[in-house]
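Each remark here refers to the structure printed beneath this line.
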Amino acid sequence: MDATIRNTGDEVWAITGASGRIGTVLRQAMLPEVAHLVLIDVVPPQQLDARERAPHAELGDPASLRAALQGVDGVVHLAAVPDEADFHDLVEANVIGTYHLLEAARQAGVRRVLLASTGRVIGMYDVGERVDVTKPTRPDGLYAVTKTTVEQLGRLYAEKFGLEVVALRIGAFKARPAEARDLSIWVSHADAARAFLAAMRHEPITFETMFAYSDNRDGSVDLEAGRRLGFEPLDDAAVHREEIPGRPGPVTSGPMGGDLASPEFTLSKQRPF
Ligand SMILES: NC(=O)C1=CN([C@@H]2O[C@H](COP(=O)(O)OP(=O)(O)OC[C@H]3O[C@@H](n4cnc5c(N)ncnc54)[C@H](O)[C@@H]3O)[C@@H](O)[C@H]2O)C=CC1
Ligand SMILES: O=C(O)[C@H]1OC(=O)[C@H](O)[C@@H](O)[C@@H]1O
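Start counting the sequence shown at 1; every next residue gets the next number (the UniProt record's numbering).
Put into structure tokens, the structure is as follows:
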């Protein structure tokens, strides 16, 4: 099977969660690559370029998503509750919201959808284990459970309905690594942009899963799945080790999810019943 990099210059892409941390960075990286960008967020995106539009749409309203996705070739789906929270809220935004997004994309004739997953879907593996995308998920909390479902919704929409879907398991997205755990899970802004652009351009795609991490020398996820799609990360958290308060070494024991994998963290976010 010959791999090709698609020329996307005349395409229209949409970003959900466009006003958020990752959305703001991807918006800048993607605008030069396409004809138009459609920005979807409950927080209105600021300072629209002439080639950007921001229709009112939200995850809870599938008809609004379908209208916003008319004429769109590719979607980057970032909008979510992005961390541990009450399970009911996580399911509504991340599971039902992603179902609405995928179904709206199918109805609107979108070709490709990139889904934001997280490294926390493998957060119960011990640091030091080498994890590739073929290993079973071991979510470190209820947020991560909803993201494993996001991945499986993507697989279903690819295999049953013919959408091209890539699930990107994003690491800790920060301008610079800020704590010991980041030495293994950091993804720089530039590498995140490289990951999403590669996933959008590569063909052919049916359903793929990849890690969107920087090339951290202390990392323990296998980046080969992304490399096969053309993602070449260029940054390494260890280069910035001296800038991290306390100049820590890499974490050498415990779950990859760190403190986020503790029972207390998850329980503290749940509405009691
Ligand atoms: N920041 C990180 O280090 C990581 C993020 N991720 C995932 O990447 C994605 C983006 O994360 P961030 O940019 O950090 O989050 P963020 O919270 O900064 O941005 C999310 C955006 O989605 C919007 N949004 C939320 N609910 C919405 C709804 N119902 N309808 C429309 N828009 C809605 C919010 O207004 C916000 O602007 C999330 O799916 C998150 O789970 C995964 C791994 C690491
Ligand atoms: O594992 C982590 O630290 C990251 O995982 C995520 O999925 C979260 O969205 C992000 O806020 C965390 O920083």
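Using N, Cα and C, we set each Cβ at its ideal position, and we do this for glycine too. Because the structure is a prediction, the values reported are computed rather than measured.
Look at GLU58: its beta carbon is less than 8 Å from one of the heavy atoms in ligand 1. Each of LYS269, HIS77, ASN7, SER19 was checked against the Cα of GLY97, and the nearest Cα belongs to HIS77. Cβ-Cβ separation between ARG201 and ARG27: approximately 17 Å, too far for a contact (criterion under 8 Å). Taking each of HIS88, ARG138, GLU11, ILE40 in turn and checking the Cα distance to GLY71, the smallest one comes out for GLU11. Checking the 8 Å criterion, the Cβ of PHE196 is out of range of every heavy atom belonging to ligand 1. Between the segment 17-31 and the segment 186-200 there are three or more inter-stretch CB-CB distances shorter than 8 Å, so the stretches are counted as touching.
Residue pairing by DSSP places HIS77 opposite THR16, LEU115 in a beta bridge. Between LYS269 and GLU84, the beta carbon gap of about 5 Å places them in contact (Cβ cut-off 8 Å).
The straight-line gap separating the alpha-carbon atoms of ARG138 and TYR99 is approximately 22 Å. When DSSP states are grouped into helix, strand and coil, ALA195 belongs to the helix group. For ALA158, the enclosing alpha helix (DSSP H) stretches over residues 142-161. Rounded to whole angstroms, the separation of the alpha carbons of THR146 and LEU267 is 16 Å. At a threshold of 8 Å, ASN216 does not count as near ligand 1, since its beta carbon sits no closer than that to any of the ligand's heavy atoms. DSSP, read as helix, strand or coil, puts ILE170 in strand.
Residue burial is scored here from C-beta neighbours: VAL166 has at least 16 other C-beta atoms within 10 angstroms and is therefore classed as buried.
In the three-state reduction of the DSSP assignment, HIS56 falls in the coil class, being assigned neither a helical nor a strand state. The residue from GLY60, GLY123, LEU114, GLY74 with its alpha-carbon nearest to that of VAL95 is GLY60. Straight across, the Cα-Cα distance linking PRO233 with ILE244 is about 21 Å. It is roughly 6 Å from the alpha-carbon of GLY9 to the alpha-carbon of ALA35.
Its chain contains VAL251, GLY258 as the residues whose beta carbon lies nearer than 6 Å to that of ARG181, once the 5 sequence neighbours on both sides are disregarded; these appear in chain order. Rounded to the nearest whole angstrom, the C-alpha separation of ILE40 and HIS56 is 7 Å. At least one heavy atom of ligand 1 is found less than 8 Å from the C-beta of ALA18.
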